[in-house]
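Residue numbers (the working numbering): 97 to 573.
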Ligand SMILES: Cc1cc2nc3c(=O)[nH]c(=O)nc-3n(C[C@H](O)[C@H](O)[C@H](O)COP(=O)(O)O)c2cc1C
């Protein structure tokens, strides 16, 4: 009996303490809100006013998990994310009962199926393409779906290793992005396209200029198959990369050739490329130094801006081996919303325009076109191939395969999935071996579905699809 009474007394004491502490806390918050002058809501509605901000934060999760329809969310909707996951798990890819794709909405992609689709037995292996056949070390590949550049720095080492190893398993290539060639790329072992960003990370001298000796030494590595000079990126044309000091670890600093623990800000344009003539000179010198295919990556602002560039290539008879055409709706680790939302052409405008220019100038077979910009599903990839691209690169598709949940925290070093963080506690959740298989499965299984579309249109491989068999709703067909 005594035991029961003592327990009840203890519980009552505990209850009073908890309630008392909570009340004291609320009184403190009340007076802090009342006395401060910065926030009018808190001053006018002490304590209660905090609910607005809590609900605003929580709203992101509620919308994502409960309220948004499958095809509604941005930048990627649930359908797209679930699709990548099912491909990465090698399951699904088949839906029942009917489509919830907005079949009639303007811009929706539609392929013209043939009365006589390609028979399974007539399906060809995907045609190979050779980049830089006029260089000493060209690169020949069958791969048309590859991993787009995400710098080591914006991404964790484990994520980079998994992407590179995944690309290797799938026979694809992996672009370094602007952060240099790290030990994690080396561990992953995939064919690597080295991106020379505006800050020349990984190949810079003490002034930040391109160090051609370092470039030549790097080009000796057989893992690096091509070089890509970045002029601009869809998410932030006219703005360089931003890596906050918190993410600049010792290995990142060593890989990039910059001081540790300081913000890593790339210039908004290459210092040595202020016009088309200087671009030509740079392509020529990088090609002579590396002896490997050299391409350029950009997002155009308008179609006619392409003319001057193509004219300069023709005048000097110097051509990039490839152009990576990025779309305005591309992703990034960090960029001002003003640029992300409002600057640059989207791929549905720029890709057909670029292909038309290359046809007019007779350069279609000289300058191969790769493309990136929210192309994560088979229809989007098949559209780009039909328009004339030889390859599609995806950054965020493989990131979803790594486990990205679109938490939108790439710039904060707090990514809960260990992909865009250097906090060891979070990065340990990402097992590079396991995730490399998911990346490979995503690339391979998605290509299978691109193949289904190709065969329905009567083409015998993904690279044989043609422009006259794809259209967007609202366009003349
Ligand atoms: C986290 C992150 C980092 C990126 N880093 C780079 C980079 O260093 N260099 C670059 O050219 N593009 C970079 N990108 C852009 C992608 O390579 C790609 O061009 C763009 O996101 C469009 O492809 P996607 O829609 O498949 O992501 C980055 C994208 C993301 C999401």
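The beta-carbon is built from N, C-alpha and C at its ideal position, and this holds for glycine as well.
*In the structure shown, what three-state DSSP assignment does residue 391 receive?*
Strand, per DSSP.
*Measure the C-alpha to C-alpha separation of residue 175 and residue 160 and round it to an integer number of angstroms.*
12 Å
*asked:* Just verifying my parser: in three-state terms, what is the DSSP assignment at residue 115?
replied: It is helical.
*Quick one: residues in its chain with C-beta nearer than 6 Å to the C-beta of residue 44, no 5 flanking neighbours on either side, listed in chain order?*
Outside the modelled stretch of the chain, which goes from 97 to 573, sits residue 44, for which no answer is possible.
*Take every Cβ of the region 265-275, pair it with every Cβ of the region 241-254, and state whether three or more of those distances are shorter than 8 Å.*
Verdict: yes, contact present.
*For residue 473, verify whether its CB is less than 7 Å away from any heavy atom of ligand 1.*
Annotation for residue 473 indicates a beta carbon at 7 Å or more from all heavy atoms of ligand 1.
*Which whole-angstrom value describes the C-beta separation of residue 499 and residue 515, a residue pair presumed to lie in contact below a C-beta threshold of 8 Å?*
7 Å
*For residue 127, is the classification buried or exposed, using 16 other Cβ atoms within 10 angstroms of its Cβ as the cut-off for buried?*
exposed
*residue 423, buried or exposed, once every other Cβ within 10 Å from all chains shown has been counted against 16*: buried
*What's the C-alpha gap between residue 149 and residue 569?*
41 Å
*Beta-carbon contacts of residue 330 that lie in its chain and below 7 Å, excluding the five residues immediately before and after*: 395, 422, 423, 424, 425, 426, 440 and 469
*Count the other CB atoms, across all protein chains shown, that sit within 10 Å of the CB of residue 221; report buried if there are 16 or more and exposed otherwise.*
exposed
_Less than 8 Å between C-beta atoms, sequence neighbours within five positions excluded: which residues of the same chain meet that for residue 463?_
409, 415, 416, 417, 418, 419 and 454
*Can you give, in chain order, each stretch of the alpha helix (DSSP H) that sits fully within the region 144-174 and has at least 4 residues?*
146-158
*Beta-carbon separation (whole angstroms), residue 490 vs residue 243, contact threshold 8 Å*: 7 Å
*Residue closest to residue 288, alpha-carbon to alpha-carbon, out of 264, 240 and 294*: 264
*Go through its chain and collect everything with a Cβ distance to residue 218's Cβ below 7 Å, but skip five positions before and after it.*
556
*Less than 8 Å between the CB atoms is what I'm expecting for residue 311 and residue 382, so what's the real figure, rounded?*
7 Å
*Hey, could you find the ends of the alpha helix (DSSP H) residue 501 is sitting in?*
Per DSSP, residue 501 belongs to no alpha helix (DSSP H) and is neither H nor E.
*Contact under 8 Å by Cβ, residue 338 with residue 433*: no
_8 Å Cβ cutoff met for residue 294 and residue 177_ = no
*Just how far apart, CA to CA, sit residue 158 and residue 509?*
23 Å
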